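Here the protein sequences line up with chains A and B, keeping their order. As numbered in numbering that gives the first Met the number 0, residues 0 to 754 make up the first sequence, in order. As numbered in numbering that gives the first Met the number 0, residues 0 to 198 make up the second sequence, in order. Following: one structure in structure tokens, then a few remarks.
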Amino acid sequence: MLTLRDVPPPTRRPAVRPRGRRPFRDNPLQILAVIGLLAAALGVALAFSGSWRYSPDFLTEFVLYALSVADLTMILALVFVLARNIIKMMVERRRGLPIARFRSKLVGALLGMTLVPAVLVLLVGSELIRSNVDRWFNAPMEEIVASANRMASDYYSERQLLTSGTAARLSRALGAMPFPEGDPVAVRDVIQPEVAQQRVSMVEVYRVARGRSGPPVVSSVVDVAVPSLPREYNRASADRLAERVAAGSREAHGPEPLGGGGQLLRAAEPIRARDGTLAGVVVASDFLTGEMAARSRRMTDAYEAYNQLKVLRNPLLGVYLSFFLMVTLMILVSATWMGLYLAARITRPVQRLAAAARAIGAGHLDQRLEPETSDEFGSLVEAFNTMAAELSASRQNLERSARTLERQHQEVEARRRYIQTILDRITTGVISLDADDRVSTVNTAAARLLGVEGDQAGLPVGELLGRPDLEPLAKLIAGARPGDADKPAQEVSLAREGRELDLAVAMATLHGQGGAIEGRLIVFDDITPLIRAQKVAAWREVARRLAHEIKNPLTPIQLCAERLARHFQGAPPPTRELVAECTRTIVGEVESLKGLVDEFSQFARMPAPRRIPTALPPLLADTLGLYVGLFRDVTIETRFPADLPPVRVDPEQIRRVVINLVDNAIEAMDRRGRVVLEVQHAAAERIVRLIVADNGPGIPEGEREKLFLPYYSTKRRGSGLGLAIVRRIVAEHGGTIEVTSNAPRGTRFTIDLPA
Amino acid sequence: MIRRALLAALAAAVLGACSGPPIGGVYALSGAAAGDEGLRVASLAKDGQLLVSFSLADGLTRELRQAIDSGLPATITYVVELRRPTALWFDGTVASATVTATVRFDNLTRQHQLSRTIDGRGEEPRVTEDEEEVRRWLTEFDRLPLFNTAQLEPNMVYYVKVRAHARPRVSGGLFFWPWGRGGKTGFAPRFTYLGDDRG
Numbered sequence: 000m001l002t003l004r005d006v007p008p009p010t011r012r013p014a015v016r017p018r019g020r021r022p023f024r025d026n027p028l029q030i031l032a033v034i035g036l037l038a039a040a041l042g043v044a045l046a047f048s049g050s051w052r053y054s055p056d057f058l059t060e061f062v063l064y065a066l067s068v069a070d071l072t073m074i075l076a077l078v079f080v081l082a083r084n085i086i087k088m089m090v091e092r093r094r095g096l097p098i099a100r101f102r103s104k105l106v107g108a109l110l111g112m113t114l115v116p117a118v119l120v121l122l123v124g125s126e127l128i129r130s131n132v133d134r135w136f137n138a139p140m141e142e143i144v145a146s147a148n149r150m151a152s153d154y155y156s157e158r159q160l161l162t163s164g165t166a167a168r169l170s171r172a173l174g175a176m177p178f179p180e181g182d183p184v185a186v187r188d189v190i191q192p193e194v195a196q197q198r199v200s201m202v203e204v205y206r207v208a209r210g211r212s213g214p215p216v217v218s219s220v221v222d223v224a225v226p227s228l229p230r231e232y233n234r235a236s237a238d239r240l241a242e243r244v245a246a247g248s249r250e251a252h253g254p255e256p257l258g259g260g261g262q263l264l265r266a267a268e269p270i271r272a273r274d275g276t277l278a279g280v281v282v283a284s285d286f287l288t289g290e291m292a293a294r295s296r297r298m299t300d301a302y303e304a305y306n307q308l309k310v311l312r313n314p315l316l317g318v319y320l321s322f323f324l325m326v327t328l329m330i331l332v333s334a335t336w337m338g339l340y341l342a343a344r345i346t347r348p349v350q351r352l353a354a355a356a357r358a359i360g361a362g363h364l365d366q367r368l369e370p371e372t373s374d375e376f377g378s379l380v381e382a383f384n385t386m387a388a389e390l391s392a393s394r395q396n397l398e399r400s401a402r403t404l405e406r407q408h409q410e411v412e413a414r415r416r417y418i419q420t421i422l423d424r425i426t427t428g429v430i431s432l433d434a435d436d437r438v439s440t441v442n443t444a445a446a447r448l449l450g451v452e453g454d455q456a457g458l459p460v461g462e463l464l465g466r467p468d469l470e471p472l473a474k475l476i477a478g479a480r481p482g483d484a485d486k487p488a489q490e491v492s493l494a495r496e497g498r499e500l501d502l503a504v505a506m507a508t509l510h511g512q513g514g515a516i517e518g519r520l521i522v523f524d525d526i527t528p529l530i531r532a533q534k535v536a537a538w539r540e541v542a543r544r545l546a547h548e549i550k551n552p553l554t555p556i557q558l559c560a561e562r563l564a565r566h567f568q569g570a571p572p573p574t575r576e577l578v579a580e581c582t583r584t585i586v587g588e589v590e591s592l593k594g595l596v597d598e599f600s601q602f603a604r605m606p607a608p609r610r611i612p613t614a615l616p617p618l619l620a621d622t623l624g625l626y627v628g629l630f631r632d633v634t635i636e637t638r639f640p641a642d643l644p645p646v647r648v649d650p651e652q653i654r655r656v657v658i659n660l661v662d663n664a665i666e667a668m669d670r671r672g673r674v675v676l677e678v679q680h681a682a683a684e685r686i687v688r689l690i691v692a693d694n695g696p697g698i699p700e701g702e703r704e705k706l707f708l709p710y711y712s713t714k715r716r717g718s719g720l721g722l723a724i725v726r727r728i729v730a731e732h733g734g735t736i737e738v739t740s741n742a743p744r745g746t747r748f749t750i751d752l753p754a
Numbered sequence: 000m001i002r003r004a005l006l007a008a009l010a011a012a013v014l015g016a017c018s019g020p021p022i023g024g025v026y027a028l029s030g031a032a033a034g035d036e037g038l039r040v041a042s043l044a045k046d047g048q049l050l051v052s053f054s055l056a057d058g059l060t061r062e063l064r065q066a067i068d069s070g071l072p073a074t075i076t077y078v079v080e081l082r083r084p085t086a087l088w089f090d091g092t093v094a095s096a097t098v099t100a101t102v103r104f105d106n107l108t109r110q111h112q113l114s115r116t117i118d119g120r121g122e123e124p125r126v127t128e129d130e131e132e133v134r135r136w137l138t139e140f141d142r143l144p145l146f147n148t149a150q151l152e153p154n155m156v157y158y159v160k161v162r163a164h165a166r167p168r169v170s171g172g173l174f175f176w177p178w179g180r181g182g183k184t185g186f187a188p189r190f191t192y193l194g195d196d197r198g
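So, in structure tokens, the structure goes:
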């Protein structure tokens, strides 16, 4: 059964509140900072988006890679978040947490509301991007840019062919001359018309000298240029071209950019002498104006840009789709996170309330919650705290009442133990009965006096006192009425184990609240010693009066009888003999009466014992010495312990006790048998036990108690005062005397004296 | 049975990863072998140099040709590694070299500008209009003195591994798979280096 003491003591518990750093979801500043960072990253990505088309490596190796990694990361994050929440939801459902269902529903609803439109937008948007990208590369546009590039390229090729043709023609013309030994003026005369007719803008002629080893060495012989040719052209490029051609390279032409956007289209041809040997190199250059070169370059750039877009179509499409997918995944992750966030915002206070309620249910009534918001949840938390405070106050009042009850219970218990101790220790027997006359308690004295078991609760009193020797008491109780409680105590005599037990029985009625009878209380005292003392006192008074009334006339009777004897000494013999015989009889009986009166006097005037420490063995041995040689057929055996301490007794009275008991034993054995005088020391009980046992015929059980009454004797002779005197001496020494049967036969007197 | 087959496949994969090239050329001073079908590699120790030749068949793919024609600079990078096989473990790399070949086509002049670098050192650039020369320039390398035989220990087994990949990466799907490099790998057969000028 649960008692107040079983309730765990209240311990101070802090209010449930978030400790330490606030979680990310509860920190608006952090959330705003993350959103800002994401927006900045998106802005940076968009700012760099212009460089994608010009940097395919950046596009494929960085942008596409980063977007793919971002997509993969977000897919993993989404899968992780969803899987974690699904597992968490399953675990919480298994635990029976009521919040799990609501949270899963909220997250599922938000995710479902976002997933369908997001996927639709992703599919439609992807298809839109794909179709738009395809539309970039339509046939007319491709044809236009290809034609433009072809026009520019053809123009370059044509000018290059013209220049190469001029260089070849000049090479043949110079080869027909004695070159390189010829006159430079003659060489100039050969090339001057070509320049003058604007076929080329410049012609440079080199002489080739061959060393024994190493590459051929070229040196300029003459050069002729139109006056309109910009002066900033690089002569070294023509030298290198001449060197390459002299070395046998087939790379005999190429453009050379000039300042201002113009270009020189160079073409080189080897000059071979008549014998076929390499004599020199002629380099012809045609000048393209900056405007023409730039226009051609722009057309080619447009063509190349278009083709590069075409080549990078898939990576570009991948970038757009990856970006689109990333945005979709961000929306899904955000929706999931938002669902979790909202669920946490809603369910966390409920969970805190549930946890606090469980804590209060566990006895922690000082549990409080700190309101985090001022909305309905805040009001709920306030109401919860108020309820907890009231519960705590009620608990404190209850505990105070419990402590008061406990204290009263302890007082009642102490009183009960006190009364129980009294009942256990007093010599007055107490039996309490309930309203149905069933035994509630039987104290130790009652159990001892009545010879019943103390633990008889619930037993009808009729059964408790069902033994025949207890019948007078049972009748008294059964015949009592509620009004008899006020009557004085009544005496009841019981014969228990051959002893007469006189009880003074009083009864009281137990009343409960309202005066209802709850039972009865039976109180009885053993007044046997009192009755016995009253009898002894009465007998002593009788003895004293007898001794006084009888002893006074005895002397005149004896004197008169002796006078009659003397008076009739002179009478005739028959008369004299008759008188003498009668007077002897009278004197003898008078003497006998005197002895009897003396015993009465001694019984009536027995002095108080003068107790002194006495060694019992010598005293008893000395006493028994009186019997030495008196009875031939009687054996007196003594059993004295070696370590018997001195006992405070009156030696003379103890001697008389022993003589009386031994005399009675010898008489009972008809002066033939064995008498044992034994002394025992019961150190634990602090008594010295004196035992006188004989092997005579024994005493019937019904007569044993009467032995100690004055003037009761089973002998033919005697006053019947011996054992009465013995009991009185023992009683005045604070001891007890008991007579029992001796095994295997005879009588056994046991005297217990305080050691 | 399934578990035993899986263990056997795993053991074969581990041994294959550790052993590197085929072992047919053990004790040969030189030879040629192919890892991927398209990349053939041969090595030759001569005059204190380990000369490496390799060719990438079908290296000039249609996509790469389109990229070149669009004017994008195209580069094929070859990572050449001299490796020493190790039993039951990954082979160790003794030395490595990076060879790049780049071509850029000018649609205006219809000329290809060719350039090569070996470990960052550039060679003389060239200009050509011949597409076959462009193909050879990008995919064929003959007896490049990439390693010094002083790095080799006599009587030890070595082999040469070449990995090639082209940029820009214009082939493949819409999404970039970071673990797929899209390159090709070739191996020269193992050889035992016997000492200086023995080959």
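No residue lacks a Cβ here, since even glycine has one placed at the ideal position from N, Cα and C. Since we're looking at a predicted model, the values are computed, not measured.
| Check | Outcome |
| --- | --- |
| If you draw a straight line from the C-alpha of V516 (chain A) to the C-alpha of I430 (chain A), how long is it? | Checking the sequence, you will find Ile at residue 516 (chain A) rather than Val. Between I516 (chain A) and I430 (chain A), the C-alpha separation is close to 16 Å. |
| Starting from the beta carbon of L107 (chain B), find every residue of chain A whose beta carbon is closer than 7 Å, and list them in chain order. | A151, S152, Y155, S295, R296, T299 |
| Ignoring anything shorter than 4 residues or poking outside the segment 85 to 173 of chain A, list the alpha helix (DSSP H) runs there in chain order. | 97 to 135 |
| In terms of residues, what are the limits of the beta strand (DSSP E) holding S42 (chain B)? | 38 to 45 |
| What residues in the segment 301 to 312 of chain A have a beta carbon less than 9 Å from any beta carbon of chain B? | Y302, E303, A304, Y305, N306, Q307, L308, K309, V310, L311, R312 |
| Would N148 (chain A) pass as an interface residue toward chain B - the criterion being a Cβ-Cβ separation below 7 Å? | yes |
| Look at the alpha carbon of T74 (chain B) and the alpha carbon of S130 (chain A), and state the distance between them as a whole number of angstroms. | 31 Å |
| Counting only Cβ-Cβ distances shorter than 8 Å, please list the residues of the segment 50 to 68 of chain B near chain A, keeping chain order. | E62, Q65, A66, D68 |
| Keeping to the same chain, check which residues put their C-beta closer than 7 Å to that of A27 (chain B); ignore five residues upstream and five downstream. | No answer about A27 (chain B) holds up, because its pLDDT of 28 lies below 50 and its placement is not dependable. |
| What number of angstroms, rounded off, separates the C-alpha of G30 (chain B) from the C-alpha of D285 (chain A)? | Summary for G30 (chain B): the model assigns pLDDT 39, below 50, so the residue's position carries little reliability; its value from the coordinates is reported in the next sentence. Going from the Cα of G30 (chain B) to the Cα of D285 (chain A) covers about 52 Å. |
| Within a Cβ cutoff of 8 Å, which residues of the same chain sit near L822 (chain A), ignoring the five residues on either side of it in sequence? | The requested residue 822 (chain A) does not occur in the structure, where chain A is confined to residues 0 to 754. |
| Given that a residue counts as buried once 16 or more other Cβ atoms are within 10 Å of its Cβ, and exposed if not, what is Q307 (chain A)? | buried |
| Could you say which of A:E268, A:S219, A:K309, A:T622 lies nearest to E62 (chain B) if we only look at CA atoms? | A:K309 |
| Closest to P254 (chain A) by C-alpha separation, out of B:E130, B:L107, B:R64, B:T85, would be which residue? | B:L107 |
| When we look at the beta-carbon of W88 (chain B) and count the other beta-carbons within 10 Å, is it buried (16 or more) or exposed? | exposed |
| What first and last residue would you give for the alpha helix (DSSP H) that runs through A683 (chain A)? | It is not in any alpha helix (DSSP H) - A683 (chain A) carries neither H nor E in the DSSP assignment. |
| Compare the Cα-Cα distances from A141 (chain A) to each of A:V184, A:E303, A:L331, A:I34 and report the closest residue. | The sequence given here has Glu at residue 141 (chain A), not Ala. Comparing Cα positions, the closest option is A:E303. |
| Could one say the Cβ of V156 (chain B) lies closer than 7 Å to chain A's Cβ atoms, at least one of them? | no |
| Let me know the beta strand (DSSP E) ranges lying completely inside the segment 320 to 353 of chain A, each 3 residues or longer, listed in chain order. | none |
| Decide if the segment 643 to 651 of chain A is in contact with the segment 605 to 616 of chain A; the criterion is three or more beta carbon pairs, one per stretch, under 8 Å apart. | yes |
| Which residues, in order along the segment 118 to 138 of chain B, keep a beta-carbon less than 8 Å from a beta-carbon of chain A? | R125, V126, T127 |
| Give me the Cα-Cα distance between W538 (chain A) and F630 (chain A), rounded to the nearest whole angstrom. | 34 Å |
| Would you mind working out which of A:A65, A:T113, A:G569 sits nearest F322 (chain A), comparing C-alpha positions? | A:A65 |
| Check the Cβ of P254 (chain A) against every Cβ in chain B and list those closer than 8 Å, keeping chain order. | T108 |
| Closer than 7 Å, Cβ to Cβ, to anything on chain A: give me those residues from the segment 68 to 79 of chain B, in chain order. | D68, S69, G70, L71 |
| Is there a Cβ from chain B that is less than 7 Å from the Cβ of E250 (chain A)? | yes |
| In three-state DSSP terms, what is T72 (chain A)? | helix |
| How long is the line joining the alpha carbons of I521 (chain A) and T443 (chain A), rounded to whole angstroms? | 14 Å |
| On a CA-only basis, which of A:V186, A:L689, A:F602 is nearest L615 (chain A)? Give me that one, please. | A:L689 |
| Do V79 (chain B) and L145 (chain B) have their beta-carbon atoms positioned less than 7 Å apart in this structure? | yes |
| Measuring straight from C-alpha to C-alpha, what distance separates F104 (chain B) and R64 (chain B)? | 10 Å |
| For S740 (chain A), which of A:L722, A:G695, A:L708, A:A730 has the nearest alpha-carbon? | A:G695 |
| Roughly how many angstroms lie between the CA atoms of I22 (chain B) and D274 (chain A), to the nearest whole one? | A caution first: I22 (chain B) carries a pLDDT of 41, below 50, which makes its placement in the model unreliable, though a value can still be read off. Spanning the two alpha carbons is a distance of roughly 59 Å. |
| Any chance the CB of F383 (chain A) is under 6 Å from a heavy atom of the ligand ATP? | As far as ligands go, the structure on display features none, and thus does not contain the ligand ATP. |
| Please classify I418 (chain A) as buried or exposed, where buried requires at least 16 other C-beta atoms within 10 Å of its C-beta. | exposed |
| Is there at least one Cβ from chain E nearer than 7 Å to R239 (chain A)'s Cβ? | Looking for chain E here will not work: the only protein chains present are A and B. |
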